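For the sequence shown, my numbering gives the first residue as 12, with consecutive numbering after it.
Reviewing the structure listed below.
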Amino acid sequence: MKTLYDVQQLLEKYGILVHVGKRIWDIELMALELDNINKAGLIDKHDYMIAKLILRREHRIEELKEEDKKKKDSK
12 MKTLYDVQQL LEKYGILVHV GKRIWDIELM ALELDNINKA GLIDKHDYMI AKLILRREHR
72 IEELKEEDKK KKDSK
């Protein structure tokens, strides 16, 4: 597992499809669903941790994009 797409595929194995409309919101919802799967004891700890790291990285990337956009818009 290396990409956000891989995390989406993992969630689909549990019948979870996420598409809210904004990428950062999708990432946040995927993180919540992943936490729920983990609490239920359905996912391997290693897969859970890797998926969480991927989601954290992707979330940060989206935050940086939004910050850059705000800076450009304010000029």
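By construction, the Cβ of each residue, glycine as well, lies at the ideal position given by its N, Cα and C atoms.
Since we're looking at a predicted model, the values are computed, not measured.
Output the boundary residues of the alpha helix (DSSP H) element that contains residue i.
i, result
"His70", "Lys56 to Ser85"
Is residue j closer than 7 angstroms to residue i when the C-beta atoms are compared?
i, j, result
"Ile38", "His70", "yes"
"Val29", "Leu40", "yes"
"Glu73", "Ile27", "no"
Buried or exposed for residue i, going by 16 or more other Cβ atoms inside 10 Å?
i, result
"Ala62", "buried"
"Leu64", "exposed"
"Leu53", "exposed"
| query | Which whole runs of the alpha helix (DSSP H) in the segment 13-38 are 4 residues long or more, in chain order? | reply | 15-24
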